[in-house]
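Heads up: the structure comes next, in structure tokens.
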Amino acid sequence: GDTVAITAGSRGIANMNIILKAVVEELKAAGALPFIIPAMGSHGKATAEGQLEVLEHYKITEETMGVPVRSSMETVNLGNCGDGFPVYMDKNAYEADHTAVVNRVKQHTDFCGKIESGLVKMIGIGLGKRDGAASYHSASMRYGFDRVLREVADVVLGTGKIAFGLGIIENQYEE
């Protein structure tokens, strides 16, 4: 009976709708009440409606997933990192009993570091929505993206809201 927010990003991940549907079905089989949230920082025109449109493009809708898709740009301020910048979390995810983080793990196209794209980035930028993306991108100019993502992840993970992560890996043909 616990509610579980499942993240859905804005990157063109192969078979993302099939992967998310499988996560939904497994959680339902375990007795959970899953729902999907767009977790894409400021993508989709930084609006709830725009983020729904992005998911619709990938065939991720209430009809195809069999669960609600709750899109909002509202966040909860979780406090500040050690370096003083604020950490945000999607309000729907924060209010759920648990959050399942689903994202592709790969190299970033714009920078190199120990953390580039994947679950930690989804925890920070994706779940941070527009507020988090603005805060973290600004802080990364001063402290570096790797450090910022690690600090944000520590705060978000400290809430106890993240139940699990599912890392997706694609080959060089994006399969």
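Going letter by letter, the sequence shown gives residues -16 to 158 in our numbering.
By construction, the Cβ of each residue, glycine as well, lies at the ideal position given by its N, Cα and C atoms.
Predicted model only: the values in this text are computed from it and were never measured.
Asked, Found
"Host alpha helix (DSSP H) of D73 (start-end)", "It is not in any alpha helix (DSSP H) - D73 instead sits in the beta strand (DSSP E) that spans P69 to D73."
"Every unbroken beta strand (DSSP E) inside the stretch -7 to 73 [3 residues or more]", "16 to 21, 58 to 63 and 69 to 73"
"Neighbourhood of S121 by C-beta, 8 Å cutoff - its chain only, sequence neighbours within 5 removed", "F68"
"Same chain only: Cβ atoms within 7 Å of S(-7), ignoring 5 sequence neighbours per side", "M23, H26, G27 and V37"
"Terminal residues of the beta strand (DSSP E) in which A79 lies", "Run containing A79: none; DSSP gives neither H nor E here."
"Stretch-stretch touch, CB-based, cutoff 8 Å, three pairs: the stretch 76 to 91 with the stretch -11 to 7", "yes"
"Residues near A76 in its chain [Cβ-Cβ closer than 7 Å; skip 5 each side]", "A(-12), I20, T82, L110 and K144"
"Closest residue to S54 among T47, T44, K4 and A31 (Cα-Cα distance)", "A31"
"Inter-residue spacing [alpha-carbon to alpha-carbon] between Q155 and Y41", "20 Å"
"Terminal residues of the alpha helix (DSSP H) in which G111 lies", "L110 to Y126"
"Rounded separation between V59 and K4 - CA only", "27 Å"
"Nonlocal neighbours in the same chain, by C-beta distance under 7 Å from C64, ignoring five residues either side", "V70, E134, V135 and V138"
"I152, DSSP secondary structure in three states", "coil"
"Other residues of its chain near V6: CB distance less than 7 Å, five sequence neighbours each side excluded", "I(-11), A83, V85 and L149"
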